[in-house]
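Reviewing the structure listed below.
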Ligand SMILES: Nc1ncnc2c1ncn2[C@@H]1O[C@H](COP(=O)(O)O)[C@@H](O)[C@H]1O
Ligand SMILES: Nc1ncnc2c1ncn2[C@@H]1O[C@H](COP(=O)(O)O)[C@@H](O)[C@H]1O
Ligand SMILES: Nc1ncnc2c1ncn2[C@@H]1O[C@H](COP(=O)(O)O)[C@@H](O)[C@H]1O
Ligand code: NA
Ligand code: NA
Ligand code: NA
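Residue numbers (this note's numbering), protein chains in the order written: chain A, 1 to 326; chain B, 1001 to 1326; chain C, 2001 to 2326; chain D, 3001 to 3100; chain E, 4001 to 4100; chain F, 5001 to 5100.
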């Protein structure tokens, strides 16, 4: 399949189409509204399902195969803010807090983008390391910590652990429900193995794609409500939201290939690097960098980078991964 | 299978029995209560699932096969209030607002009644046009618009688009979440076709019947709480709630047969015509015709016509469709 | 499989591991929180699913096979408080109200413990009477009624049906949503039989184990929050929470064997007797015995007896059942 | 426009008490009430709302001053001692005094 | 610390009216509002919150006294007669009066 | 029956602040609190409650007048500038003044 066919088939997947429907619902001011508990429930479900499947994969592959690429993924997440921050400061003229906030979002990761990428691989029957969700789990926190430190002016000495907001934020970044559910379910998957999978497959695997579609309908509504903010964020951030994923994605694919991942696996690491967090990072950043304007980071992550990744980015990073594979 | 066996097997389906359990829970004042978010979630799920399946069917059958019966269905929905209204005014002595309100409910449709009918067809292995849910989608709004206009005294000149309630109501009728989810999911199904279906089948098809049973448990509780209102609505409305579905159902089957639908398809159009809305219509009517007493329309639609249709009506309209088939 | 292997494999089941994850989440003060409606929804789902499966089993086995063991189960439930109460009064020096409250909890049953036990049997391919959930349904109420009467000082003459709390509590014990859903779904299962099962299997059976795991994650959090109360309840109650299930479980297995149940069935009756209620009983007891301290009964039932049963108790009672079988 | 003084009594208590409190309000002469689920903390410790058993409910009722007194006195006598509960009264103004 | 008197208007009504009431508030000069779902009972009978159609919503708005009067008068004129609804005013104190 | 005047402080703010605000209340001398999720609009725009990140929480606390002042002042100093937030004080009457 060539890049264009891949993009097209990706665009016609139910998940992407439900995202578009959500955007339409928001823009047309329909009275469709998800109950908050549904959103929370879907989040819990998706995180457990990904984590559990990853854990079963670790059980099969052995920790020996996983630790090196996982460490590489973690490092990449923590490093991304270090080059994103100066770009945002110098070229984008953002305040210290805003630059740190945006850097935290783009270093951290989006679980749904990751799932969309695995779906794409499955749809073209491309194999990949099933334990790749480990990368997702370890990439969520480091960038948030680094970004918050940068946004607090860590290098100007204003960063302090006695700041209540920072304390709450760091605790949430390390022990937030996202990390807890992903890692927790992963450990459970690794402990219970194939037997465990057989028993819960009918809930965590069979309906998974449909649940994802439902979740993307809601994400579409949330993103759609932010479309109006696109004007406020300015041309620079708009371009940043398109270029950053391309750069980070390429870096991720490269690193993945280098540590010996398959084409599919390297592409997934690229997608993770390219993705920007819109669940864990916003909450942690809001608590610790209140002077940062959430409109910038959230609009860029959710209304620009996320749609770019799940439509064009996913097949694009796959193309890169194919060409880089030795 | 003869009519009686059909009725009996229909009565013993889990869906109908869970409805009865719900009525019992309400009447016995049990402390069973569904959280509101569960009801909303079930509604969203059912609408998306029906719409999506219908869309995939359109993908297979081609729009060419669908447009004529869909147009006929739409027209039927818009016409039903035109004869229902004078009957309610003259024979029932209802006020203008009340007659318009009830007419809107009976012209519009009930998604759950439609599903119960497709289940019945599946249980007796009777084929039908899978795209029939298109009829459901296009029949929801027209009757509401016509009924509200009648109830506002459209012909006496009191109807006005500058009335805030009317504006809100019409917008909801045309772009309410019911229509949005049904048509949206339908378009997605038509675009993503068999491939899309394969990926989300485990969520939107496999557990569907069970989710419906759960939803009917809740509907039973809602209907059960209205049983006490049966005394208030009077004998005329009680009879209307039983005769209207028979007349509308027969008209629907006739029209369906005439535009070339199969026995199953004609029966489904009959069931839709016979059904009365208790989700979209009540909200729209309440907003635009506040002087109408909701007890009349809701009790008739939910506590009389709905149970009649899902128990006796469904097999009955099938019987008619069989006899009319050339 | 010997007892130790059985315990080990039981400990590594996803359900038990998710319970542990929940305890960890609570103890580590993570921000993970389930929405209330999710908890209610999971409860409704689990009760209907168990009840329905039991009903289908009654349909197959015939009421003739079920009534005797069901009656025995019911009697056992009502009798347990009669010996538990004096022990708590004399040896534990609890007040009349507290002793009655705890006795009510330990006579009543825990649905999730029951499910964990059936899972264990399935995992070791041990057959059991599928209608055993009938025992669960009939054992919930009697102990609550007896326990509340004891706690009200029934024998000292202070018990009175004109007490509002008692009236509410008894009505809930007999017609609470737990009993209503279990018995209601059971009747529906018995009426709709294999056909009904075929239609709703994809919802009430396929995802069941996974839903249970999710529910146990929440139960783990609830139990984890009670761990701090372990100090408050004292050594006596701690021991009681471990010894009572062993004694009651052995009695249940004995009775089950005696009325002719299979090894698996006798073990299930034992598990039910051993289990302590933490849903129906707490609510009913709180309403009718407000002077009883809920910390005692809930902590014992939820933080001691429940974990004991689902980890060690289940394989242990199976071992007893095997040895008792003629 | 004429506004008339009324009392708003707010009761925050264990969720399982809702039905009993509403019954008590009706018996005391209230013609309506409003309720919703809340979480909180107090002398009986933390009350989380993720399961019904540990959740709270907030019940609000607008009544005439005399009814407010009856309500608070009955709550005091019948429920305060045994349950996690807070109740307070405040002054509000309504347009249709005959409604309450 | 300086506290400034403001009016808190509370409206409890059928859930489907939320959008209309919020529009009315904005038109009357309010600069914000807060809303949440509730259940209740009153002259129009019991309103259970398990389905949106029969649920209520409670809307709270802090406004200047003159705006409060406008809001209550418009509610009275436009919505009181036809819908299940209760509205009342009470006195609150805020720190940033220019916010309202 | 004796009723005692107390202050009810109501805080409406971004949902993610709940834990911090409750901590602040405890530090200021409150012995309890009540909280629930709400939606709303204000100077920071609309806050819909369908996802936690954009939802609000309403926190209510009954305290002695001096504690109310401390609470409002600390909110003003520490949180008002940076977050979507409204806080106000009102007068309520309780039966058990030692509880607060
Ligand atoms: N000072 C307070 N301010 C606001 N709500 C309170 C206060 N104290 C208690 N509550 C509420 O009332 C419930 C019962 O209080 P208590 O009986 O003190 O445990 C708590 O769970 C809170 O929801
Ligand atoms: N006396 C009251 N106190 C508190 N809330 C009330 C009262 N009367 C009515 N309500 C609320 O307002 C809604 C509409 O009232 P009504 O128009 O009287 O049916 C009810 O469903 C309750 O939620
Ligand atoms: N005038 C008002 N009346 C009632 N609630 C308000 C008002 N203004 C703001 N709020 C609430 O306080 C939140 C934060 O307000 P703001 O900081 O102005 O955006 C809003 O989302 C509303 O829930
Ligand atoms: Na990233
Ligand atoms: Na119709
Ligand atoms: Na027991």
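In this text, a Cβ means the ideal position worked out from N, Cα and C, and glycines have one as well.
All figures in this text were calculated on a predicted structure; none of them were measured in a lab.
Name the one or two DSSP bridge partners that residue i has.
{"i": "residue 3062(D)", "result": "3008(D)"}
{"i": "residue 4089(E)", "result": "3093(D), 4009(E)"}
{"i": "residue 5014(F)", "result": "5056(F)"}
Is residue i helix, strand or coil when you go by DSSP?
{"i": "residue 5035(F)", "result": "strand"}
{"i": "residue 4046(E)", "result": "strand"}
{"i": "residue 3040(D)", "result": "strand"}
{"i": "residue 2205(C)", "result": "coil"}
{"i": "residue 2031(C)", "result": "coil"}
{"i": "residue 129(A)", "result": "coil"}
{"i": "residue 72(A)", "result": "helix"}
{"i": "residue 1293(B)", "result": "coil"}
{"i": "residue 1192(B)", "result": "helix"}
{"i": "residue 4083(E)", "result": "coil"}
{"i": "residue 320(A)", "result": "helix"}
{"i": "residue 1014(B)", "result": "helix"}
{"i": "residue 310(A)", "result": "helix"}
{"i": "residue 4003(E)", "result": "coil"}
{"i": "residue 58(A)", "result": "helix"}
{"i": "residue 2002(C)", "result": "coil"}
Can you tell which of the options has its C-alpha closest to the C-alpha of residue i?
{"i": "residue 2091(C)", "options": "2029(C), 2234(C), 2288(C), 2287(C)", "result": "2234(C)"}
{"i": "residue 2296(C)", "options": "2309(C), 2122(C), 2278(C)", "result": "2278(C)"}
{"i": "residue 207(A)", "options": "1017(B), 1045(B), 1097(B)", "result": "1045(B)"}
{"i": "residue 1217(B)", "options": "1008(B), 1032(B), 1231(B)", "result": "1032(B)"}
{"i": "residue 2112(C)", "options": "2037(C), 2102(C), 2051(C), 2030(C)", "result": "2051(C)"}
{"i": "residue 3032(D)", "options": "4013(E), 4035(E), 4028(E), 4089(E)", "result": "4013(E)"}
{"i": "residue 2199(C)", "options": "1132(B), 1186(B), 1123(B)", "result": "1123(B)"}
{"i": "residue 1136(B)", "options": "1012(B), 1227(B), 1265(B)", "result": "1265(B)"}
{"i": "residue 1176(B)", "options": "1134(B), 1017(B), 1283(B)", "result": "1283(B)"}
{"i": "residue 1097(B)", "options": "1292(B), 1326(B), 1055(B)", "result": "1292(B)"}
{"i": "residue 1262(B)", "options": "1312(B), 1326(B), 1109(B)", "result": "1326(B)"}
{"i": "residue 1219(B)", "options": "4052(E), 4025(E), 4098(E), 4069(E)", "result": "4052(E)"}
Excluding the 5 residues preceding and the 5 following residue i in the sequence, name in chain order all residues of the same chain whose CB lies nearer than 8 Å to its CB.
{"i": "residue 1305(B)", "result": "1106, 1241, 1242, 1244, 1245, 1274, 1275, 1276"}
{"i": "residue 94(A)", "result": "88, 102, 296"}
{"i": "residue 3056(D)", "result": "3012, 3013, 3014, 3015, 3037, 3038, 3039, 3040, 3047, 3049, 3084"}
So, at 7 Å on beta carbons, what are the nonlocal neighbours of residue i in its own chain, with the 5 sequence-adjacent residues on each side left out?
{"i": "residue 2074(C)", "result": "2138, 2139, 2142"}
{"i": "residue 1116(B)", "result": "1015, 1310, 1314"}
{"i": "residue 2286(C)", "result": "2294"}
{"i": "residue 2055(C)", "result": "2185, 2186, 2187, 2188, 2189, 2190"}
{"i": "residue 1225(B)", "result": "1026"}
{"i": "residue 255(A)", "result": "72, 76, 269"}
Quick one: does residue i have its CB under 8 Å from some CB of chain G?
{"i": "residue 2032(C)", "result": "In summary, chain G is missing from the structure at hand, where the protein chains are A, B, C, D, E and F."}
What residues in its chain sit with their C-beta under 6 Å from that of residue i, if we drop five residues either side in the sequence?
{"i": "residue 1058(B)", "result": "1066, 1131, 1190"}
{"i": "residue 5089(F)", "result": "5007, 5009, 5068"}
{"i": "residue 120(A)", "result": "10, 314"}
What are the start and end residues of each continuous alpha helix (DSSP H) run of 4 or more residues lying completely inside the stretch 1095 to 1150 of chain B, in chain order? Secondary structure remark: continuous alpha helix (DSSP H) runs of at least 4 residues inside the stretch 1095 to 1150 of chain B, in chain order: 1096 to 1107, 1111 to 1123.
Which runs of the alpha helix (DSSP H) at least 4 residues long sit entirely within the stretch 244 to 305 of chain A? Give them in chain order. As far as the stretch 244 to 305 of chain A is concerned, its whole alpha helix (DSSP H) runs of at least 4 residues are 263 to 274, 280 to 288, 294 to 298.
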